[in-house]
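A.B. asks: Sharing a structure, written as structure tokens. Questions coming.
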Amino acid sequence: MNEARGRPSPFLTTKEAAAYLRITVRTMENWRWSNNGPQYRKHGGTVVYHVDDLNEYSTVWNRARGSGNGA
346 MNEARGRPSP FLTTKEAAAY LRITVRTMEN WRWSNNGPQY RKHGGTVVYH VDDLNEYSTV
406 WNRARGSGNG A
């Protein structure tokens, strides 16, 4: 997707991704440092997360916890 064409970027910064998952930025950073969190990329040195990767991680994480409500 392209912001220039009026569509939002599917990539979120660490702060945006943390808000999206309703967790702290520190938790996102800890997951990244321990190689436990959602897949991330670096665009020009900035860590970004694709929305699809966040959704997939959330689904898998909730299943592993035994939570079937998708929250």
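My numbering applies: residue 346 is where the sequence shown begins, and numbers increase by one. Ideal Cβ placement from N, Cα and C applies to all residues, glycine included.
With distances taken between CB atoms, is the gap from residue 405 to residue 357 smaller than 8 angstroms?
C.D. replies: For the purposes of this step, residue 405 is taken as residue 60 along the sequence shown, with counting starting at 1. For the purposes of this step, residue 357 is taken as residue 12 along the sequence shown, with counting starting at 1. It is not a contact, given that the beta carbons lie outside the stated cut-off.
A.B. asks: Strictly by DSSP, which residues pair up with residue 357?
C.D. replies: As a first step, residue 357 must be located in the sequence shown, where it is residue number 12. DSSP output for residue 357 lists 394 as bridge partner(s).
A.B. asks: To which residues does DSSP link residue 386 through a beta bridge?
C.D. replies: Walking along the sequence shown from the start, residue 386 turns up at place 41. Beta-bridge pairing links residue 386 to 393.
A.B. asks: Excluding the 5 residues preceding and the 5 following residue 372 in the sequence, name in chain order all residues of the same chain whose CB lies nearer than 6 angstroms to its CB.
C.D. replies: If you number the sequence shown from 1, residue 372 lands on position 27. Cβ within range, chain order: n/a, list empty.
A.B. asks: Go ahead and label residue 363 buried or exposed: buried means 16 or more other beta carbons lie within 10 angstroms of its beta carbon, across all protein chains shown.
C.D. replies: Walking along the sequence shown from the start, residue 363 turns up at place 18. Its Cβ being crowded by 16 or more others within 10 Å, residue 363 is buried.
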